[in-house]
Amino acid sequence: MSKAWDQVTWQEIEVGGVLTEPGSARNYNTGDWRSSRPIWDKTRCIKCGVCWTVCPESGISEDADGYFDMNTYCKGCGICVKECVTGCIKMVVEES
Amino acid sequence: MMAHKKRVGMEVSIAVSHAVQLARAEAIAAYPITPQTHIVEHLSSLVANGELEAEFITVESEHSAMSTCIGMSAAGARTYTATSSQGLALMNEILFIASAMRLPIVMTVANRALSGPLSIWNDHGDIMAARDIGWIQVFTENGQEAFDHSIMAFKIAEDHRVVMPTIVNMDGFILTHVVEAHEMMDQETVDRFLPDLVPYHKLDPAKPVTMGAFAMPELFTECKMAHQMALTGAHGPILEVWKEWGELTGRHYKPVETYRTEGAKIIIMMMGSLGQVAEVAVDAMRDQGIPVGLVKIRLWRPFPFAELRQALAGAELIVVCDRALSLGGAAGPVLAEVRSAMYPLAQRPHILGYNVGLGGRDVQPEAFEELVRLAQAEVKQGPSQEYYFYGVRG
Amino acid sequence: MEKFGSAESTKFDTYASRMMPRDEFFTSGHRSCQGCGEALAVRWACKAIGKDAIIAHATGCMEIVSSGMPQTAWMHPWIHVAFENTSAVASGVESALRILERKGKLKGPMPKVVAMGGDGATFDIGLQSLSGALERGHNFTYLCWDNEAYMNTGIQRSSATPFGAMTTTSPPGKRSFGQSTWKKDMVAIAVAHGIPYVATASPGYLFDLYFKVKKAVETPGPAYINILSVCPTGWRSATDLSVRLARLATETAVFPLFEVVDGKYRMTVEPPKIRPVRDYLKPQGRFRHLRDPEVEFIQKQTMARYKLLLDKCQSPFPEFAPVHLREG
Chain A
17 MSKAWDQVTW
27 QEIEVGGVLT
37 EPGSARNYNT
47 GDWRSSRPIW
57 DKTRCIKCGV
67 CWTVCPESGI
77 SEDADGYFDM
87 NTYCKGCGIC
97 VKECVTGCIK
107 MVVEES
Chain B
1442 MMAHKKRVGM
1452 EVSIAVSHAV
1462 QLARAEAIAA
1472 YPITPQTHIV
1482 EHLSSLVANG
1492 ELEAEFITVE
1502 SEHSAMSTCI
1512 GMSAAGARTY
1522 TATSSQGLAL
1532 MNEILFIASA
1542 MRLPIVMTVA
1552 NRALSGPLSI
1562 WNDHGDIMAA
1572 RDIGWIQVFT
1582 ENGQEAFDHS
1592 IMAFKIAEDH
1602 RVVMPTIVNM
1612 DGFILTHVVE
1622 AHEMMDQETV
1632 DRFLPDLVPY
1642 HKLDPAKPVT
1652 MGAFAMPELF
1662 TECKMAHQMA
1672 LTGAHGPILE
1682 VWKEWGELTG
1692 RHYKPVETYR
1702 TEGAKIIIMM
1712 MGSLGQVAEV
1722 AVDAMRDQGI
1732 PVGLVKIRLW
1742 RPFPFAELRQ
1752 ALAGAELIVV
1762 CDRALSLGGA
1772 AGPVLAEVRS
1782 AMYPLAQRPH
1792 ILGYNVGLGG
1802 RDVQPEAFEE
1812 LVRLAQAEVK
1822 QGPSQEYYFY
1832 GVRG
Chain C
730 MEKFGSAEST
740 KFDTYASRMM
750 PRDEFFTSGH
760 RSCQGCGEAL
770 AVRWACKAIG
780 KDAIIAHATG
790 CMEIVSSGMP
800 QTAWMHPWIH
810 VAFENTSAVA
820 SGVESALRIL
830 ERKGKLKGPM
840 PKVVAMGGDG
850 ATFDIGLQSL
860 SGALERGHNF
870 TYLCWDNEAY
880 MNTGIQRSSA
890 TPFGAMTTTS
900 PPGKRSFGQS
910 TWKKDMVAIA
920 VAHGIPYVAT
930 ASPGYLFDLY
940 FKVKKAVETP
950 GPAYINILSV
960 CPTGWRSATD
970 LSVRLARLAT
980 ETAVFPLFEV
990 VDGKYRMTVE
1000 PPKIRPVRDY
1010 LKPQGRFRHL
1020 RDPEVEFIQK
1030 QTMARYKLLL
1040 DKCQSPFPEF
1050 APVHLREG
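Protein chains in written order, with my numbering: chain A, 17 to 112; chain B, 1442 to 1835; chain C, 730 to 1057.
In structure tokens:
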């Protein structure tokens, strides 16, 4: 449904209420939730990928140089900070 | 019209099993409960002997039977189950979900009274407690009808204009455990009538879908409207399938069946096997010059408003026989719906309701003659009750 | 019995994050709480399950956060029906796939069938349907997201709630110290059904979890994995401690990580030294009210059970021989 979901008519609902677009949750930006964000110190990042592994949101992505950084979905839980092998991530308060 | 075919005597349950076999059901989940047991036992032996190519899963409860059927149908197999009474009640929450998910499951309900007290005998209490589940529901009154409608149910359910689970009701013991003569069908004819299932939606890694998502208040009403429209819209396709069957077999079925209603001032109404008994009573009363007719609802859901009003036109008194109760309610189930359907008409007949044959109590033809006399007396003096229990001692 | 030979783990020896598969089958955009250990476990389980699979999911936290119309976080074909019947639904899917394959109607490889449910859906209301599916020997895997209470409905106790834990229906008070019974041993129940693979797993050890799920889905016949799903909301712990707490659960022997292959127990993570349970209880608000007698009881029970488990791991004989000979 590309329409706003409180505008959808009964005729537009798929038979059986079936959702035919897998992964459409990606249209929802969970990043709006966070009140603090992780910041990587690239001088100490060893590109191990542990932060990427432990993020419940798949909220960390690898860039072209192999460093990791949060993406739009990060909810700011801070697990990556606690699990980082070199301790190169820290949480800072989100700018309002 | 085909030449008259040979009729075979067999227990109606066995005939229904053969119907399911002929329909090439692929996935069957079943839990035993009196009086449905013979159906699933015979299906089980057909599968064990390789006479039906299907997966037969003996689940551990009826709730799981219907849940397993949902999984089977969602994965794209032609799915069947059967139950009665407590089993139907146990799977209640899942029934609503099966129809909302629009899965073409076919189920036989061998109608039996609901506890308490415990009763294994026939009445319509079980299916009336499942009125609002959103399935297509059909009533049959003899073995041939049970056989015929079991095959047709698959075609109706799977039609892409319908895609709705379907129940075929048959009276427990009175039909399930009785030997009747059935005109069987050959596999070739059934295969032509009922081709392979083409699922509307399917669980398939090649085309992943999410089934059973939840709906916020902003969407729920629209989802249920879509369901309602699909169920009421099934009326046309159902009649098409019945028409095709009629041309194939010479047995033409209608949403509302009538018997000697021409010029009838009094009409008695019922559903299921009682209809056969009532026909005997109607003949007897007509012989006495009483202008009585019989109307039987075959298509219970979606409710056949137009056909019912047409069948009852001209009658001054309708006597509705309910084989189930709505305890403390305004009327028995069929009485309530008939009154509701007739209410908008400018000319309304008297409509009285009697609960008969509860918990397997036998109903003889004379009972209907007495009912008509009682109803006429009540109308004359003004009805003394909202509705009546027939034949209760005390 | 050869049909259910134990799946070997030797082909699954990769231990570098960067070498793990990047495809996400449980996508971003799901509405779980921040720091949800369960979502993390689901993310990795779905990677291990792989593309050719069908998932049946029970009502619960994961179902709600991932499947609100019109959006879905699942890349797999996925079906939710009700709370207590996911094993029955999975049984139906598995049976249908078998008959479709027999009739030549299945295009592509035979999909794996995976049933998922929370501890409420598994230990309590869904125990019957789980037992039925395990007993019938369906070729499917059951993953239990064990966050130790009915979290989605507001943190009520289940039979998976640990001894002494505070929940809204086992609150501490003048007459109560919280949950008064020990956590139900679901693994033992699964093992008792004689199925070929049972395991525990945890988001504290994600590679262990990944390889166990892979093994489970590739094992013919029923498989059951109980996965500790750290819940900061219900456990009253800091959102950034979810992985650490899961690790502590194993390091304190509260949640040992092991597998039971054809009835034979094997520890898969062996902490060099077992830490006192207090280290695990302390960061969780749900245990804050416990006094020394309760904590000592928990410590004693935990070690006694751990010792029993170690004994089972040493035993040369399987506890229950696999009993399934499902033909065809």
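Glycine included, every Cβ here is placed at the ideal spot set by N, Cα and C.
These figures come from a predicted structure and were not determined experimentally.
- Taking the CA atoms as reference points, Pro1000 (chain C) sits about 9 Å from Pro985 (chain C).
- In this structure, DSSP gives His786 (chain C) an extended state, which the three-state scheme calls strand.
- Membership of Val990 (chain C) in the beta strand (DSSP E) is indicated by the continuous run 986 to 990.
- Sixteen is the threshold: since fewer than 16 other Cβ atoms of the shown chains lie within 10 Å of the Cβ of Leu1037 (chain C), the residue is exposed.
- For Glu753 (chain C), at least one C-beta of chain A is nearer than 8 Å to its own C-beta.
- Val810 (chain C) has its alpha-carbon roughly 33 Å from the corresponding atom of Thr979 (chain C).
- DSSP places Gly1755 (chain B) outside both helix and strand once states are collapsed to three, so it counts as coil.
- For Glu1807 (chain B), the closest alpha carbon among the candidates B:Met1783, B:Trp1741, B:Asp1724 is that of B:Asp1724.
- Gly847 (chain C) is bridged by DSSP to C:Trp874.
- Of the residues B:Arg1572, B:Ala1516, B:Lys1706, B:Gln1578, the one whose Cα lies closest to the Cα of Ile1679 (chain B) is B:Gln1578.
- The C-beta of Ala1816 (chain B) has 16 or more other C-beta atoms within 10 Å across all chains shown, which makes the residue buried.
- CA-to-CA, the gap between Glu1496 (chain B) and Asp1564 (chain B) works out to about 31 Å.
- In this structure Arg1465 (chain B) is buried. Its beta-carbon is surrounded by 16 or more other beta-carbon atoms within 10 angstroms.
- Under DSSP, the beta-bridge partners assigned to Gly902 (chain C) are C:Ser905.
- Taking the Cα positions, Ile784 (chain C) is about 6 Å away from Ile808 (chain C).
- Residues are counted here when their Cβ sits less than 8 Å from a Cβ of chain C; for the stretch 30 to 44 of chain A these are Gly33, Leu35, Glu37, Pro38, Gly39, Ser40, Ala41, Arg42, Asn43, Tyr44, given in chain order.
- The stretch 931 to 1011 of chain C is shown to contain whole beta strand (DSSP E) runs of 3 or more residues at 952 to 957, 986 to 990, 993 to 998, in chain order.
- Rounded to whole angstroms, the gap between the alpha carbons of Met1657 (chain B) and Leu1536 (chain B) is 21 Å.
- If you draw a straight line from the Cα of Thr788 (chain C) to the Cα of Arg1519 (chain B), it is about 26 Å long.
- The continuous alpha helix (DSSP H) containing Asn1533 (chain B) extends over residues 1533 to 1541.
- The beta carbon of Glu864 (chain C) sits closer than 8 Å to those of His922, all from its chain and outside the five residues before and after it, given in chain order.
- Taken atom to atom, the span from the alpha-carbon of Gly1823 (chain B) to that of Leu1758 (chain B) is near 13 Å.
- If you draw a straight line from the Cα of Trp803 (chain C) to the Cα of Ser887 (chain C), it comes to about 27 Å.
- Judged by DSSP in its simplified three-state form, Ser1485 (chain B) adopts helix.
- Residue nearest to Arg42 (chain A) within the set C:Ser796, C:Gly764, C:Lys776 is C:Ser796 (criterion: CA-CA distance).
- Trp911 (chain C) sits in coil when the DSSP states are folded into three classes, being neither helix nor strand.
- Tyr879 (chain C) counts as buried, since at least 16 other C-beta atoms from the protein chains shown sit within 10 angstroms of its C-beta.
- DSSP places Ile1597 (chain B) in no beta strand (DSSP E) but in the uninterrupted alpha helix (DSSP H) bounded by 1584 to 1599.
- With at least 16 other beta carbons inside 10 angstroms of its own, Gln1013 (chain C) counts as buried.
- Cβ proximity to chain B below 7 Å picks out Lys780, Asp781, Ala782, Ile783, Ala785, Ile793, Ser796, Gly797, Met798, Thr801, Trp803, Met804, His805, Pro806, Trp807, Ile808, His809, Val810 from the stretch 780 to 810 of chain C.
- Sorting A:Lys98, A:Gly92, A:Phe84 by C-alpha distance to the C-alpha of Glu110 (chain A) places A:Gly92 at the top.
- Annotated as distal: Val983 (chain C) and Leu872 (chain C), with beta-carbon spacing of 8 Å or more.
- A residue is called buried once 16 or more other Cβ atoms fall within 10 Å of its Cβ, and Gln1669 (chain B), having fewer, is exposed.
- With its beta carbon less than 8 Å from one in chain C, Leu1660 (chain B) belongs to the interface.
- The alpha-carbon separation between Ala1675 (chain B) and Thr1662 (chain B) amounts to approximately 20 Å.
- At a beta-carbon threshold of 8 Å, the residues of chain B lying near Ile828 (chain C) are Glu1467, Ala1468, Glu1494, Ala1495, Glu1496, Ala1518, ordered along the chain.
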